Amino acid sequence: MKKSIITAEEVKELYDKDFYLWAKTNAELIKEGLYELVDWEKVAEEIEAMGRAELRSLRSYLVVLLEHLYKWERFEGLTSGGEERGGYGWKKSIKNARRAIRNLLEESPSLKVKVEEELPKAWLEAREDLLDWLEENGYNPEAFKLPEDCPYTFEEAMQKELSL
Numbered sequence: 091m092k093k094s095i096i097t098a099e100e101v102k103e104l105y106d107k108d109f110y111l112w113a114k115t116n117a118e119l120i121k122e123g124l125y126e127l128v129d130w131e132k133v134a135e136e137i138e139a140m141g142r143a144e145l146r147s148l149r150s151y152l153v154v155l156l157e158h159l160y161k162w163e164r165f166e167g168l169t170s171g172g173e174e175r176g177g178y179g180w181k182k183s184i185k186n187a188r189r190a191i192r193n194l195l196e197e198s199p200s201l202k203v204k205v206e207e208e209l210p211k212a213w214l215e216a217r218e219d220l221l222d223w224l225e226e227n228g229y230n231p232e233a234f235k236l237p238e239d240c241p242y243t244f245e246e247a248m249q250k251e252l253s254l
């Protein structure tokens, strides 16, 4: 693409017509130093969106971790649908979520500063999931008095022993 066969306006129009081609074209333009043709406004928006997606991933893994850790500790004797008694699927899910969080924080260390901010938000989602799970399995959610605030620090959630 050394000689430009596309205009800046055509590059901008690609965003809505063919996102993949838009991304590929902008990457090529940047690599070739044809900066005046790059759709900088949308490139900046997409980079910001990538950052938000990483943060959403962190929160999603935290929700699973908190929900299943709470189930593992407090509801071991309860059974539901197809889950085996004791919730060993929860244990596997906890380990998987911890691994995913560690990997995400290793790949994006700057997310570590967001953990304390995201933990309470993740607990609110996990709490809703827990209340739904209890109700779906015939239990009165109010009888379990789930805490409003997250019962774990991040360190506890990541390191708490999963004994049998």
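Here the sequence shown stands for residues 91 to 254, where the numbers follow this note's numbering. For every residue, glycine included, the Cβ atom is placed at its ideal position computed from N, Cα and C. Everything numeric in this text was worked out from a predicted model, so none of it was measured.
Item: Whether Phe244 touches Glu197 by CB criterion (8 Å); Value: no
Item: Coil, strand or helix - Pro231 by DSSP; Value: helix
Item: Span separating the alpha-carbon of Val238 from that of Arg217; Value: Rather than Val, the amino acid found at residue 238 in this sequence is Glu. For Glu238 and Arg217, the distance between alpha carbons rounds to 8 Å.
Item: Cβ contact check for the stretch 220-237 and the stretch 187-204: 3 or more pairs under 8 Å; Value: no
Item: Three-state secondary structure assigned by DSSP to Phe165; Value: coil
Item: Unbroken stretches of the alpha helix (DSSP H), 4 residues or longer, contained in the stretch 198-233; Value: 205-226
Item: Supposed contact pair Ala212 and Leu156 - C-beta distance, whole angstroms, cut 8 Å; Value: 6 Å
Item: Exposed unless 16 or more other CB atoms sit within 10 angstroms - verdict on Phe109; Value: exposed
Item: Whole-angstrom distance between Ala247 and Glu166, CA atom to CA atom; Value: 17 Å
Item: Collapsed DSSP secondary structure at Glu100 in the structure displayed; Value: helix
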